[in-house]
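**Student:** Heads up: the sequence shown begins at 3 in this note's numbering, then just goes up one per residue.
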Amino acid sequence: MLLIAMPGPHPAASASLRSVQDLARDPGNGSTPAPPTPGASPTRPEDPKVRGWKLWSWWSGGVRHLAKINSAANDLDAERNKLLALPRHPDGTVTVDEKGYKRACGAMLARVDEAQAYFTVPDPALQKPWADALNRIHNGAMACQEATTVPPSESAAQNTERGKGFVAALSEMAQGVKDINSAFQSIETAADYKPR
3 MLLIAMPGPH PAASASLRSV QDLARDPGNG STPAPPTPGA SPTRPEDPKV
53 RGWKLWSWWS GGVRHLAKIN SAANDLDAER NKLLALPRHP DGTVTVDEKG
103 YKRACGAMLA RVDEAQAYFT VPDPALQKPW ADALNRIHNG AMACQEATTV
153 PPSESAAQNT ERGKGFVAAL SEMAQGVKDI NSAFQSIETA ADYKPR
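Right, dumping it as structure tokens:
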């Protein structure tokens, strides 16, 4: 049984358990947009149309991977909302549904693995923030899986440390989701995508 502290008079006030999607929409502290493409080879510059076509080709599949990652983030938010609705113990902690979170974190991990297997963004300056965000989400999902694995026995202090790791994992995934949405927006702009 994993217990985590819920600070403040109301569970929704906990900044460490902000919604993954809320953090993804928060313009406050995310990554900066990717720098412009530094140009093509010194012998023959890449035609801007060719560059756009390459990015458009990547975009057409990348958008599906982003949608799956955002859907997995919504599932994590659903687990978070269940957690926030639970009554607190006298010491201010709540009992985490480890199975629910383990499932949701496992689904996020699978979506990230699929996105990492997709071909790289054809522009290194745009690929880096995309890959960094995927790695951040991956690390958070792995840490979440570890934190929601119930050990055969643990002391109260070990449970507290596992709870801290769990909250840190959720924050890591939330920041990664925010970063990947920002990276995708930069790719979409560079691909000159215009909805029809």
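Think of the CB as a built atom: it goes at the ideal place given N, C-alpha and C, for glycine as much as any other residue. Predicted, not measured: the structure shown is a model, and the values here were computed from it.
Is the beta carbon of Gly167 closer than 8 Å to that of Ala145?
**Tutor:** By 1-based counting over the sequence shown, the position of residue 145 is 143. By 1-based counting over the sequence shown, the position of residue 167 is 165. In this structure, Gly167 lies closer than 8 Å to Ala145 by Cβ.
**Student:** Between Trp61, Ala171, Ala185, which has its C-alpha nearest Leu78's C-alpha?
**Tutor:** Counting from one through the sequence shown, the residue named residue 78 turns up at place 76. Ranking the options by Cα distance to Leu78, first place goes to Ala171.
**Student:** Please report the straight-line C-alpha distance between Ala69 and Ser62, rounded to a whole angstrom.
**Tutor:** Counted from its first residue, the sequence shown places residue 69 at position 67. Counted from its first residue, the sequence shown places residue 62 at position 60. Using only the alpha carbons, I get a separation of about 12 Å.
**Student:** Compute the distance between the beta-carbons of Ala193 and Trp58, then report whether it is under 8 Å.
**Tutor:** For this step, residue 193 is matched to residue 191 along the sequence shown. For this step, residue 58 is matched to residue 56 along the sequence shown. For Ala193 and Trp58, yes; Cβs fall inside 8 Å.
**Student:** Tell me whether Glu190 sits in a helix, a strand or coil according to DSSP, three-state version.
**Tutor:** Residue mapping note: residue 190 aligns to position 188 of the sequence shown, counting from 1. In this structure, Glu190 counts as helix in the three-state DSSP scheme.
**Student:** I need the straight-line Cα distance from Asn141 to Ala74, nearest angstrom please.
**Tutor:** Reading the sequence shown from its first residue, position 139 is the one you call residue 141. Reading the sequence shown from its first residue, position 72 is the one you call residue 74. Distance between the alpha carbons of Asn141 and Ala74: 15 Å.
**Student:** On the criterion of 16 or more Cβ atoms from any shown chain inside 10 Å, does Asp125 qualify as buried, or is it exposed?
**Tutor:** If you number the sequence shown from 1, residue 125 lands on position 123. Looking at its Cβ environment, which holds 16 or more other Cβ atoms inside 10 Å, Asp125 is buried.
**Student:** Tell me the DSSP secondary structure of Thr162 in three-state form.
**Tutor:** As a working mapping, residue 162 is identified with position 160 in the sequence shown. Helix, per DSSP.
**Student:** Return helix, strand or coil for Val98, following the three-state DSSP convention.
**Tutor:** Here residue 98 refers to the residue found at position 96 when the sequence shown is read from its first residue. Note: Val98 maps to strand in three-state DSSP.
**Student:** Using DSSP with H/G/I as helix, E/B as strand and the rest coil, what is Leu68?
**Tutor:** Start at 1 with the first residue of the sequence shown, and residue 68 comes out as number 66. Note: Leu68 maps to helix in three-state DSSP.
**Student:** Pull the bridge partners of Leu4 from the DSSP assignment, please.
**Tutor:** The count along the sequence shown starts at 1 and reaches residue 4 at position 2. Leu4 is bridged to Val98.
**Student:** Counting Cβ pairs closer than 8 Å, one from the segment 129-143 and one from the segment 113-120, do we hit at least three?
**Tutor:** Contact between the segment 129-143 and the segment 113-120 is present, because at least three Cβ pairs lie under 8 Å.
**Student:** Less than 8 Å separating the beta-carbons of Ile6 and Val152?
**Tutor:** The residue labelled residue 6 in the question sits at position 4 within the sequence shown. The residue labelled residue 152 in the question sits at position 150 within the sequence shown. Their beta carbons are not under 8 Å apart, which means Ile6 does not touch Val152 by this criterion.
**Student:** From the DSSP output, in three-state form, read off Val123 for me.
**Tutor:** Indexing the sequence shown from 1 puts residue 123 at position 121. Looking at Val123 - three-state DSSP - the assignment turns out to be coil, as it is neither helix nor strand.
**Student:** Taking 8 Å as the cut-off, decide whether the C-beta atoms of Arg138 and Asp93 are in contact.
**Tutor:** Here the question's residue 138 lines up with position 136 in the sequence shown. Here the question's residue 93 lines up with position 91 in the sequence shown. Not a contact, by the Cβ cut-off of 8 Å.
**Student:** Check each candidate in Ser155, Ile71, Gly165 and name the one with the smallest Cα separation from Met175.
**Tutor:** Counting from 1 along the sequence shown, the entry for residue 175 is found at position 173. If we check each option's Cα against that of Met175, Ile71 comes out closest.
**Student:** Is it buried or exposed, Ser188, if we count other Cβ atoms within 10 angstroms and call 16 or more buried?
**Tutor:** Residue numbering aside, residue 188 sits at position 186 when the sequence shown is read from its first letter. Buried: at least 16 other Cβ atoms inside 10 Å.
**Student:** Quick check: what's the CA-CA separation for Arg164 versus Lys51?
**Tutor:** For the purposes of this step, residue 164 is identified with residue 162 of the sequence shown, where counting begins at 1. For the purposes of this step, residue 51 is identified with residue 49 of the sequence shown, where counting begins at 1. So the two alpha carbons sit approximately 51 Å from each other.
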